[in-house]
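Residue 144 in my numbering sits at position 160 of the sequence shown, with consecutive numbering throughout. Glycine included, every Cβ here is placed at the ideal spot set by N, Cα and C. As the structure is a prediction and not an experimental result, all values here were calculated from the model. Notes for the one structure printed next.
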Amino acid sequence: MNNIVGLNPDFKVILMNVAMLVLIALVFLPVPYWLSNSNPNKLAASIATTLFVIIALFVGYQLLSNKAVIKEEKLLMKSGVYSHEWVISSLRREEGVSLEDFSRSNGIHIIHYSSGYYHKGKNKYFILRVSKRPLICFNSEGNIGLCIDESVFEKIKGELQGKI
């Protein structure tokens, strides 16, 4: 039996990121019109608008498609286009870890939201952070590590039933 837990960010985080995208659009989308003296470059305007829409859709998809799937002894974390699976019993908690310890290798990092694959030294981690709360990290033998923020951990710990 699969237990699925939704892990989407709070409305405030979504609102801040939407505001950021709107601000970027207000700054950059008029640029093709300013570059031309009398006749706007329609191709440049179309390209800029298309790129903005694609980025906005990607960010929206990332923000609204986060979940944990607990199936028997396995934990699958999904975050938009990123996902990874662990054997629950292989996860060992690490202490004293913060997001500043990591460098992003393949992921997204926006206001109070991070997901994807990150590195800490030679070790690779899957991170899902949907708030500004501190990270809780786990390493795993023969697998990449897992880092989630406290709000995500609180949502899934009941489903894990003390297995971590």
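8 Å contact criterion, which residue i and residue j should meet: CB distance rounded
i      : j    : result
G100   : I111 : 7 Å
V(-11) : E143 : 6 Å
S115   : W70  : About 22 Å; that fails the 8 Å criterion.
CB contact below 7 Å: residue i versus chain D
i    : result
S115 : Note that chain D does not occur in the displayed structure, where there is just one protein chain.
Pairwise C-alpha distance: residue j and residue i
i     : j     : result
L(-1) : P(-7) : 10 Å
A32   : M61   : 33 Å
G35   : K58   : It should be noted that the sequence gives Leu, not Gly, for residue 35. Using only the alpha carbons, I get a separation of about 38 Å.
H68   : V6    : 31 Å
S63   : K51   : 7 Å
I8    : S49   : 23 Å
F122  : A29   : 46 Å
I128  : Y109  : 5 Å
Residue range of the beta strand (DSSP E) that includes residue i
i    : result
E125 : Careful: E125 lies outside any beta strand (DSSP E) and carries neither H nor E.
Contact set for residue i: own chain, Cβ-Cβ below 8 Å, skip 5 residues either direction
i    : result
R113 : L83, H96, Y97, S98, S99, L119, C131, I132, D133 and V136
Element boundaries [alpha helix (DSSP H), containing residue i]
i    : result
L112 : From DSSP, L112 is part of no alpha helix (DSSP H) but of the beta strand (DSSP E) over N107 to R113.
I140 : E134 to L144
Residues near residue i in its chain [Cβ-Cβ closer than 7 Å; skip 5 each side]
i   : result
F12 : A32
Kindly provide the ranges of any beta strand (DSSP E) runs that are 3 or more residues long and lie completely inside the region -10 to 71, ordered along the chain. List check, beta strand (DSSP E) in window: 50 to 55, 58 to 63 and 66 to 71.
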